[in-house]
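A.B. asks:
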Amino acid sequence: MRRTPCIRPLPDSGFVTDTGTEELNHIEMICTIVHQLTRNLTVEQIKEQGFADYYVDHTTGLWPQAASGVPFSAATFQSTGDPIADLTEDLAAEQKARITYDNILRLVKDDPDVYGAIKFLRAREIVHFQRFGEGLRIVQDHLDSRNFYAFNPAFDKGVNANSNGCCRNGRCRR
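Under my numbering, the first residue of the sequence shown carries the number 1122, and numbering increases by one thereafter.
Take a look at the structure:
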């Protein structure tokens, strides 16, 4: 989800839109799982499971937050405007999501329905990692390989370009 707003500086932004759309689907799947697990809780179960503080604010309604209780914030959506920096952060975010799913899988071994859904989501994070890696390669293919990191390719037009104003391979869309 982190990079969905940052699609314009990329030479081929379709994969970012596709991945962002799929990330929204992941949120829907997680919310459905949480709803199914909490919809029939009794007040006693809520207290026993440490769910009371959440319950006071949201009953059993869904409010996105980290396992630590930190609520969702629009600050989650980050964009530097530099496709190399943004895609590198995307790669890290996908790996962090994969690790989170790995940890969840260790906790839900006894619930095949939750386990199967989380395993599916984990597999998609691997695909997203691969797609963002391809995106980074595409961006770098448009640049002078001697120094990708000396400037922001989405903003500093003409820097690191060949003699006709295009990037070294002539495919730059500037």
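The C-beta atom is built at its ideal place from N, Cα and C for all residues, glycine as well.
Is the separation between the beta-carbon of Val1260 and that of Ile1220 shorter than 8 Å?
C.D. replies: Not closer than 8 Å, so no.
A.B. asks: Distance cutoff 8 Å, beta carbons only. Does Gln1186 sit that close to anything in chain B?
C.D. replies: The structure shown contains no chain B; it is built from a single protein chain.
A.B. asks: Exposed or buried, what is Arg1267 when buried is set at 16 or more other beta-carbons lying within 10 Å of its beta-carbon?
C.D. replies: Burial call: exposed.
A.B. asks: With three or more C-beta pairs closer than 8 Å as the rule, is the stretch 1155 to 1162 touching the stretch 1173 to 1189?
C.D. replies: These segments touch.
A.B. asks: Going by C-alpha to C-alpha distance, which of Phe1250, Arg1227, Gln1186 sits closest to Thr1140?
C.D. replies: That would be Phe1250, whose Cα lies nearest to the Cα of Thr1140.
A.B. asks: Between which residues of its own chain and Tyr1222 is the CB-CB distance below 7 Å, once the five residues before and five after are set aside?
C.D. replies: Around Tyr1222: Ile1239, Leu1242, Arg1243, Glu1246.
A.B. asks: Expressed to the nearest angstrom, what Euclidean distance is found between the alpha-carbon atoms of Ser1189 and Ala1218?
C.D. replies: One C-alpha to the other measures close to 15 Å.
A.B. asks: Since Asp1231 is in the alpha helix (DSSP H), which residue starts that stretch and which ends it?
C.D. replies: Run containing Asp1231: none; DSSP gives neither H nor E here.
A.B. asks: Could you pull out every residue in the same chain whose Cβ sits closer than 7 Å to the Cβ of Val1235, ignoring the five residues on either side in sequence?
C.D. replies: The residues are Ile1154, Val1229.
A.B. asks: Using the Cβ count rule (16 or more neighbours within 10 Å means buried), how would you classify Phe1276?
C.D. replies: Burial call: exposed.
A.B. asks: From this set, Glu1143, Phe1272, Leu1183, Phe1253, which residue's C-alpha is nearest Cys1152's C-alpha?
C.D. replies: Taking only the C-alpha atoms, the option nearest Cys1152 is Leu1183.
A.B. asks: Taking 8 Å as the cut-off, decide whether the C-beta atoms of Asn1146 and Gly1202 are in contact.
C.D. replies: Contact: no.
A.B. asks: Is the CB-CB distance between Phe1269 and Asp1211 below 8 Å?
C.D. replies: No, the pair does not count as a contact, with Cβ atoms beyond the cut-off.
A.B. asks: Measuring CA to CA, which of Thr1209, His1156, Ser1200 is closest to Arg1258?
C.D. replies: Residue Thr1209 is the option with its Cα nearest to Arg1258.
A.B. asks: Could you tell me the alpha carbon to alpha carbon distance between Pro1185 and Glu1149, rounded to whole angstroms?
C.D. replies: Distance between the alpha carbons of Pro1185 and Glu1149 is about 11 Å.
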